[in-house]
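Comments concern the structure below.
What follows is the structure, encoded as structure tokens:
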């Protein structure tokens, strides 16, 4: 008598970032990850952390509401294992321990607050498992709300990584105060970013640059003028440096309200897209990359690859 075939293991990962909280639900089929559900919510958990070092009550409430919704979805989709990590905002906020405790009490959920190094490893893993292996050096860039990770690697191996305090929420809150942005404000931000970009060793092989995170996906969406967010059109989209420069000029010329009319730009990113796009552009300029590959994956994918040994 044949035994009944076992159903694929269903797993979830939740990535609690400074700007967004992301949920990925997937199945493991024949040693590979099959995405079933993938979403993000702009929560701005790190709102105000730059100014006073604390998570605000409003941000905590938004975080709770999002986690409650995500866990309900996990229950509905019969998820067997859920892995949760926190990044920049939870590393830095003085009251993050209180947030972790309240999440544990309310949802019986443990959040693993990972270091910048662990975040970089998961980011790189998410790309290394997705793009065809080649002899090229890969520069993975994760522009986040509170920090930006640059990870240089080849194959599965990381050569060097750095976590920089270049965050889209940080810069928008601290420097881009006018609407539309004043030229001197923008110039100050550009100078600050340039000062902080690292000098990686000179590389013999050509460099491929991959962007992960919501900034890259938003830029790819705008470039194609998408009426709605379509991951199949965005994931692995190639964005040229010239096209990105043109987008930045557009954002500089418009008020926040006017940016809402730009086709393809998610409403939740109208205020932070200028800072995010500028960080990416200056990294491309620094390493002389004429184009970048936009990835719709990221830490939440890397987390499942690592936990499940895929």
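Residue numbers (the numbering used here): 1423 to 1732.
The C-beta atom is built at its ideal place from N, Cα and C for all residues, glycine as well.
Counting only runs of 3 or more residues that sit fully inside the stretch 1622-1668, the beta strand (DSSP E) segments are 1629-1634, 1659-1662, in chain order. When DSSP reads this structure, residue 1450 sits in a beta bridge with 1431, 1455. By the Cβ-count criterion, residue 1677 is exposed, with fewer than 16 other Cβ atoms from all chains shown falling within 10 Å of its own Cβ. Taking one beta carbon from each stretch, the stretch 1589-1609 and the stretch 1518-1529 have fewer than 3 pairs nearer than 8 Å; the two do not touch. As DSSP reads the structure, residue 1442 sits in a beta bridge with 1464. The alpha-carbon of residue 1612 is positioned some 22 Å away from that of residue 1469.
When secondary structure is reduced to three states using DSSP, residue 1505 falls in the strand class. Looking at the backbone, the Cα of residue 1589 and that of residue 1696 are separated by about 12 Å. Remark: C-beta atoms of residue 1670 and residue 1713 do not approach each other more closely than 8 Å. Judged by DSSP secondary structure, residue 1525 falls within the alpha helix (DSSP H) whose first and last residues are 1518-1529. Residue 1575 is bridged by DSSP to 1560, 1580. Residue 1520 sits exposed, since fewer than 16 C-beta atoms from the chains shown fall within 10 Å of its C-beta. One Cα belongs to residue 1522, the other to residue 1507, and the distance between them is close to 11 Å.
Taking all protein chains shown into account, residue 1536 has 16 or more neighbouring C-beta atoms within 10 Å of its C-beta and is therefore buried. Less than 8 Å separates the beta-carbon of residue 1681 from that of residue 1673. DSSP, read as helix, strand or coil, puts residue 1594 in helix.
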